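What follows is a short report on a single structure.
Numbering (the UniProt record's numbering), first residue to last: 1 to 171.
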């Protein structure tokens, strides 16, 4: 059975239009990747943004020796993760989804995103699901994946907030 976890990135005093425009911008994604490179190799594979929506593909490399011991029992080389995010066209509520693919992995990781207005700005809510098919370790690995994913989303949200604050000063 898959484990699920929600994470909400809140952008006080910023509109959904501003956040969506950031997600369409290569400069914004470059800023995110630059921050992530402080921890491990990361790259933008592709970005396609138009009136029809946004598709971004990212490549994250997690060196095997930085993985928790439990994960190293299952993963025998550096973990290369290809993450694809797609968002529909701009609207009052933008719906998206993501997948994270790990070659030769015994599990799946993905979820949905919703960008919507709030009384104080807007929120990007990500609902993730992880499923690992490894006897005895599967449930713990799922939880580990989701917790680490929240850390990643939190770091990305902070970069986005700073990026937005620089371009759309609040206060």
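The beta carbon of each residue, even a glycine, is placed where N, CA and C say it ideally should be.
Keep in mind the model is a prediction, meaning the values are calculated, not measured.
The DSSP-derived three-state label of residue 98 is strand.
Per DSSP, residue 119 lies in no beta strand (DSSP E) and is assigned neither H nor E.
Secondary structure note for residue 86: its beta strand (DSSP E) is the uninterrupted segment 79 to 87. Taking a cut-off of 8 Å on C-beta distances, the stretch 28 to 37 does not touch the stretch 92 to 112, as fewer than three cross pairs fall below it. Ranked by how close their Cα comes to the Cα of residue 5, the residues 117, 110, 155, 160 have 110 in first place. Residue 63 and residue 107 have their alpha carbons spaced roughly 19 Å apart. The alpha-carbon of residue 13 is positioned some 15 Å away from that of residue 21. With fewer than 16 other beta carbons inside 10 angstroms of its own, residue 154 counts as exposed.
Residue 36: member of the alpha helix (DSSP H) spanning 26 to 36, first to last residue. With fewer than 16 other Cβ atoms from the protein chains shown falling within 10 Å of its own Cβ, residue 73 counts as exposed.
A contact between stretches requires three or more CB pairs, one per stretch, nearer than 8 Å, and the stretch 47 to 64 meets this requirement with the stretch 78 to 90. Across the structure, residue 65 and residue 24 are spaced so that their CA atoms are roughly 34 Å apart.
Pairing residue 146 with residue 79, the inter-Cα distance amounts to about 16 Å.
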